[in-house]
Amino acid sequence: MTEQSDHQMDKAISKQEITSLTKVIQHPERNDRILGAISERLQRLHLLNPIASEPRLPPPERFSGRAEECRPFLLQCSLVFELQPSSFPTERAKVAYILCLLTGRARQWATAEWDRASNICSSAKLFAEELCKVFDHPATAREVARKLLQLTQGGSSVADYSIQFKILAAKTQWNPEALYEAYYHGLADYIKDILATRELPKSLDDLVSLTIKIDQRLWQRCRERKAASRAAHLCGKTPCLPVQPTLAPSQLSMDVRDDEPMHLEREKLTAEEKKWRRQNNLCLYCGQGGHFVATCMLKCKAHQ
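Using UniProt numbering, read the sequence shown as starting at 1 and increasing by one per residue.
This is the structure we're talking about:
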């Protein structure tokens with residue numbers, strides 16, 4: 001091909017491009033429709049082929065209308081929307097998902113709002129806010145403080161007590177010192193007896209960690225004593241268990257006075273019986289070996 005023919009071809013192409021551009025400029029609405037259709041097709045393809053990296057999540061637990069479960073339920077729903085965006089392309093899809101997880105009074109309320117085409121059904125945020133207005137009635141600061149002060153370990157483990165304590169503590173504005181004292185006050189006496197023999201941790205977190213370890217070790221020791229007692233019973237022998245290494249007998253004897261009140265159904269020990277139990281490293285309360293009255297589980301349960 002000659003230079004002249006190349007020039008003529010370029011000129012023809014330029015004329016075609018100019019003509020096409022002119023049509024686009026003269027009919028912008030047609031171009032918008034084409035772009036809109038392409039965008040819609042791409043969105044549908046995206047829905048048919050969701051991103052492989054999105055995790056598969058279990059659905060949140062159903063919400064029936066209980067006030068204390070409202071915010072945790074909405075948090076779980078928001079995490080699903082965050083981690084699986086392709087599954088919820090519209091706000092109404094999110095609202096519909098929430099509605100499917102409602103039961104009882106909550107479902108009755110949401111169904112009424114959906115049936116009357118309420119504005120809150122077009123926005124997941126508005127729907128969640130209205131759901132909170134209807135069902136979420138958080139306790140006042142005074143109510144939380146009263147619950148925190150009344151909370152005690154009782155017959156539960158220190159681990160369970162610490163969880164309940166932290167749930168309530170998170171709802172207060174108390175300073176660390178006040179929380180420390182409240183936590184210590186609610187501990188069972190058998191834990192406080194052990195803490196009395198050592199220096200207390202300075203922070204609440206350290207105190208919680210220490211008391212959980214003490215409680216777990218005491219219950220483990222209790223199981224060990226029971227196992228040894230069963231084994232000795234089968235062999236027809238009395239088990240000889242060592243004195244607890246963490247506490248000296250002199251320290252433990254300070255915790256028991258002759259005038260210490262016992263359980264109502266128990267008779268006071270005679271001087272000879274007390275002497276015999278001390279000499280044989282037996283508990284002054286229950287008479288069993290392997291522990292002393294400061295860590296006696298039977299005494300702790302009797303005084304709770």
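Ideal Cβ positions, reconstructed from N, Cα and C, are used throughout, including at glycine.
Item, Value
"Between the CA atoms of P60 and C77 - distance to the nearest angstrom", "7 Å"
"Given E69 as reference, the closest of V158, L57, F88 and F135 once Cα atoms are compared", "F135"
"Pairwise C-alpha distance: D193 and F81", "50 Å"
"Exposure of D215, with buried meaning 16 or more beta-carbon neighbours within 10 Å", "buried"
"Buried versus exposed call for T270 [16 or more other C-beta atoms within 10 Å across all chains shown]", "exposed"
"Local Cβ density within 10 Å of residue 308, reported as buried at 16 or more and exposed below that", "For residue 308 there is no data in the structure shown, the boundaries of the chain being 1 and 304."
"C-alpha distance - A110 paired with L126, whole-angstrom precision", "12 Å"
"Of the residues A196, E129, Y184 and Q288, the one placed nearest residue 318, counting alpha carbons only", "Since the displayed the chain opens at 1 and closes at 304, residue 318 lies outside it and no answer follows."
"Proximity test, Cβ basis, 7 Å: E224 and chain D", "Judged by its chain identifiers, the structure shown contains no chain D, having just a single protein chain."
"Whole-angstrom C-beta distance between L210 and G186, which should lie under 8 Å", "15 Å between Cβ atoms; not a contact."
"Exposure of Q108, with buried meaning 16 or more beta-carbon neighbours within 10 Å", "exposed"
"Cβ-based burial, S162 [other Cβ within 10 Å; buried from 16]", "buried"
"Residues near V144 in its chain [Cβ-Cβ closer than 8 Å; skip 5 each side]", "L168, K171 and T172"
"When Q220, P176 and R223 are compared against L207, the one with the closest alpha-carbon", "P176"
"CA-to-CA distance, A117 to residue 305, given in whole angstroms", "Limits of the chain in this structure are 1 at one end and 304 at the other, which puts residue 305 out of reach."
"Reference S157; option with closest CA among P58, Y190 and E113", "Y190"
"Beta-carbon proximity of L74 to A112, cut-off 7 Å", "no"
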